[in-house]
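A.B. asks:
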Amino acid sequence: MLLPHLINQVLWLLLLVLKAFAFGDAALRPKEAFPAADKQTKVLWLLLTGLALLVHLLNPSVLGLLNLAGTIAAAVYLAGVRPAVREIGRPGKGDGPYGPW
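Per the working numbering, the sequence shown runs over residues 41 to 141.
1) Are the beta-carbon atoms belonging to Lys82 and Lys71 less than 8 Å from one another?
2) Taking DSSP as the reference, what is the three-state secondary structure of Leu56?
3) Rounded to the nearest angstrom, what separates Leu103 and Asn48 at their Cα positions?
4) Looking at the structure shown, is Arg126 part of a helix, part of a strand, or coil, going by DSSP?
5) Hey, how far is the Cα of Leu118 from the Cα of Leu98?
6) Hey, Val57 and Trp85 are a contact pair by Cβ (cut 8 Å); roughly how many whole angstroms apart?
7) Does DSSP classify Gln49 as helix, strand or coil?
8) Determine the burial state of Gly64: buried for a count of at least 16 other Cβ atoms within 10 Å of its Cβ, exposed for fewer.
9) Ignore the nearest five residues each way along the sequence and tell me which others in Pro75's own chain have a CB closer than 7 Å to its CB.
10) Please go through the same chain and pick out, in chain order, the residues whose beta-carbon is closer than 6 Å to the beta-carbon of Ala124, but skip the five residues on each side of it.
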């Protein structure tokens, strides 16, 4: 009986880190990068990842419906939105006139 509880706690902690990272990353990206990458708006992604984090903190069950929806939203942000926004929001790659530094 101890092993399932331990697995649930570890999974809960890992998903908490995932959702917190997604929310923090969305908060740090420039708002102009989201529409430029054709990925909705910064406000929408902050709302989705923030609600996912809040539901996760209030609900101890990792398999609850709202918790699963929040996990999917955070995973979609990290897998699809973050790479596109990161490329747009990058201020420069250090390329000089003769190539990279």
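We treat Cβ as the ideally placed atom computed from N, Cα and C, and that holds for glycine.
Computed from a predicted model, the values in this text were never measured in an experiment.
C.D. replies: Checking against the coordinates, here is how it stands:
1) yes
2) helix
3) 9 Å
4) helix
5) 22 Å
6) The Cβ separation is near 18 Å, so there is no contact.
7) helix
8) exposed
9) Thr81
10) Ala77 and Lys79
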